[in-house]
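Residue numbers (the numbering used here): 81 to 431. Positions of the beta carbon are idealized from the N, C-alpha and C atoms, including for glycine.
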Amino acid sequence: MGMKTVRVLIATLAMLGSVAVAAPAAQAVPDPQLTVTSVTLGRATVAVSGLNMVAVPVTVKAGYDTTDPRYDNMLLNVVLKRSGGSGQVDLIVAGDLKRTAGSVRSGTWTGSLNVQSTANGTFKVDGVGRGANYDGSDGSMVSPTPFDGPSIAITGVHVPKIGVSVIPKVIPFGSAYQLKAAVYDSATGKPYGSRILLQVVRDNLCFEYDAGSRYTTTAGILVTSFPGKGGDVFHCVRIRGRYVDTLSLGFYPLRPGVVSAVPAKTSAPVGTIVGVNGSVAGLTARCPVVLQRLYGSTQWRGVSSARVRQSSRYTLNAQPAYAGNIHYRVSFPTCGRYQAGVSAPFIIRGI
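Here it is as structure tokens:
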């Protein structure tokens with residue numbers, strides 16, 4: 081055995097001897113379980129007007145199966161879901177209830193349910209969960225503990241309503257645009273005469289807790305400008321509550337039907353199938369397109385159809401019926417927020 085081989089063997093043995101045995105990974109400690117004994121609402125009925133809030137006392141008797149001191153100041157949320165009526169929100173929350181008596185294992189938590197007029201119906205306690213942020217903006221998404229609790233009947237009067245106009249109504253691709261949002265009394269059709277905090281945002285900001293609100297005018301109007309890029313995403317107008325929206329309206333702005341069409345051949349023997357390829361700008365839904373042929377001087381009739389692929393492209397089949405120039409175009413009917421449009425006419429010559 082040469083000296084070089086001996087040195088390699090010694091180094092290898094030393095390396096093997098220095099390898100530490102990995103310690104087993106520590107197992108995560110599961111969240112303690114919450115047991116809810118009772119939920120009491122301070123009122124069974126309440127009337128709310130306009131943008132006001134009425135505070136209803138809430139008391140929860142519950143306990144966690146832990147003595148961990150980190151839970152000493154744990155807050156609770158009580159979730160109520162709609163069980164009747166047809167108000168504009170389907171879920172309300174009594175949030176950040178504090179422990180005011182007893183221990184973490186067997187205590188009493190108290191706080192308030194701030195009721196808004198947009199609830200307008202009957203709500204029933206559906207579950208109790210830990211705070212502080214019901215919407216999960218603190219990074220915690222622990223589901224509430226289900227609890228079949230009491231109900232409260234809410235009568236909303238002079239309920240706020242949101243109206244939106246997009247300027248222009250149909251937004252051209254790549255063009256800047258504006259949203260004009262208005263908040264008004266649905267009973268009178270008039271503004272409340274006060275400035276109201278609104279969020280007018282788009283895309284993921286529609287689902288975040290606080291994306292930044294601005295005040296309307298005293299006429300309840302807020303105009304927000306957006307750059308051309310990103311017009312195809314979801315938009316929303318929100319009146320934020322502390323835990324969930326007091327009122328919101330979501331929508332996709334209208335887009336034009338911009339259709340292109342190019343035949344694979346500009347001439348072909350009579351009866352031959354000629355592919356017509358094209359696209360509808362921005363469209364990813366499987367909407368229909370129709371190949372139309374000109375009859376006489378003004379009448380366009382459909383001769384074949386297909387659906388737009390997710391790539392925004394489509395393929396249609398033309399078939400020259402006689403020798404001579406035959407005029408075609410591709411028609412796109414209104415589909416969702418995309419408006420009707422037609423391609424530029426083109427000719428396939430039958431030979």
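Which of the three DSSP states is assigned to P149 in this structure? To locate residue 149, count along the sequence shown from 1; it is residue 69. Note: P149 maps to helix in three-state DSSP.
Jot down the residue ranges of each uninterrupted beta strand (DSSP E) in the segment 250-313, minimum 3 residues, whole runs only, in chain order. 257-265, 277-282 and 301-306
Report the residue from A344, Y402 and G182 whose alpha carbon sits nearest the alpha carbon of G143. Position 63 of the sequence shown, counted from the first residue, corresponds to residue 143. The residue with the shortest Cα to Cα distance from G143 is G182.
Throw me the rounded Cβ distance for the Q399 and I427 pair, which I believe falls under 8 Å. Walking along the sequence shown from the start, residue 399 turns up at place 319. Walking along the sequence shown from the start, residue 427 turns up at place 347. Their Cβ separation, rounded to whole angstroms, is 14 Å, which puts Q399 and I427 out of contact at 8 Å.
If R275 and F306 are in contact, beta carbons under 8 Å, what's the gap, nearest whole angstrom? For the purposes of this step, residue 275 is taken as residue 195 along the sequence shown, with counting starting at 1. For the purposes of this step, residue 306 is taken as residue 226 along the sequence shown, with counting starting at 1. That belief does not hold up - the Cβ atoms of R275 and F306 are roughly 22 Å apart, past 8 Å.
With a cut-off of 8 Å, do at least 3 Cβ pairs link the segment 318-336 to the segment 370-380? no
Give a yes or no on contact between the segment 401-409 and the segment 342-353, applying the rule of three or more CB pairs nearer than 8 Å. yes
Please state if the CB of I232 and the CB of A124 are separated by a distance shorter than 8 Å. As a first step, residue 124 is located in the sequence shown; it is residue number 44 there, counting from the start. As a first step, residue 232 is located in the sequence shown; it is residue number 152 there, counting from the start. Yes, they are a contact pair.
Report the CB separation of V434 from V116 in whole angstroms; it is logged as a contact under 8 Å. Because the chain spans 81 through 431 in this model, residue 434 falls outside it and cannot be assessed.
Using three-state DSSP, classify M133 as helix, strand or coil. Start at 1 with the first residue of the sequence shown, and residue 133 comes out as number 53. It is a strand residue.
Buried versus exposed call for S377 [16 or more other C-beta atoms within 10 Å across all chains shown]: The residue given as residue 377 occupies position 297 in the sequence shown. Classification of S377: exposed, given that the 10 Å Cβ count is below 16.
Within the chosen definition, does the segment 254-266 reach the segment 147-163 through at least 3 CB pairs nearer than 8 Å? no
Kindly identify the DSSP beta-bridge partner or partners of H238. In the sequence shown, the residue the question calls residue 238 occupies position 158. None; H238 has no bridge partner.
Would G416 and A365 qualify as a contact pair, given that the criterion is a beta-carbon distance under 8 Å? Sequence index remark: in the sequence shown, residue 416 carries index 336 (1-based). Sequence index remark: in the sequence shown, residue 365 carries index 285 (1-based). Cβ atoms of G416 and A365: closer than 8 Å.
Name the two residues that bound the continuous beta strand (DSSP E) containing C367. Here residue 367 refers to the residue found at position 287 when the sequence shown is read from its first residue. Element bounds for C367: n/a, residue is neither H nor E.
Quickly, what does DSSP pair V138 with across the bridge? List them, please. Locating residue 138 in the sequence shown gives position 58, where the first residue counts as 1. Note: V138 sits in a beta bridge opposite L121 and G191.
Residues of its chain near P425, where Cβ-Cβ distance is below 6 Å and the 5 sequence neighbours each way are ignored: For the purposes of this step, residue 425 is taken as the residue at position 345 of the sequence shown. The residues are H407 and R409.
Best match in N194, S359 and I242 for proximity to S328 [C-alpha to C-alpha]: Here the question's residue 328 lines up with position 248 in the sequence shown. The candidate whose alpha carbon is nearest that of S328 is I242.
Quick one: what's got a C-beta closer than 6 Å to N405's C-beta in the same chain, skipping five residues either side? For this step, residue 405 is matched to residue 325 along the sequence shown. Cβ neighbours of N405 beyond the five flanking positions: I427 and R429.
Extent of the continuous beta strand (DSSP E) to which I431 belongs: Walking along the sequence shown from the start, residue 431 turns up at place 351. That residue, I431, is in no beta strand (DSSP E); it is neither H nor E in DSSP.
Assign A420 to one of two classes, buried (16 or more other C-beta atoms within 10 Å of its C-beta) or exposed (fewer than that). Your numbering for residue 420 matches position 340 in the sequence shown. So A420 ends up on the exposed side.
Proximity to S245 [Cα-Cα], best of N284, G254, C316 and T235: Here residue 245 refers to the residue found at position 165 when the sequence shown is read from its first residue. Considering only alpha carbons, the answer is C316.
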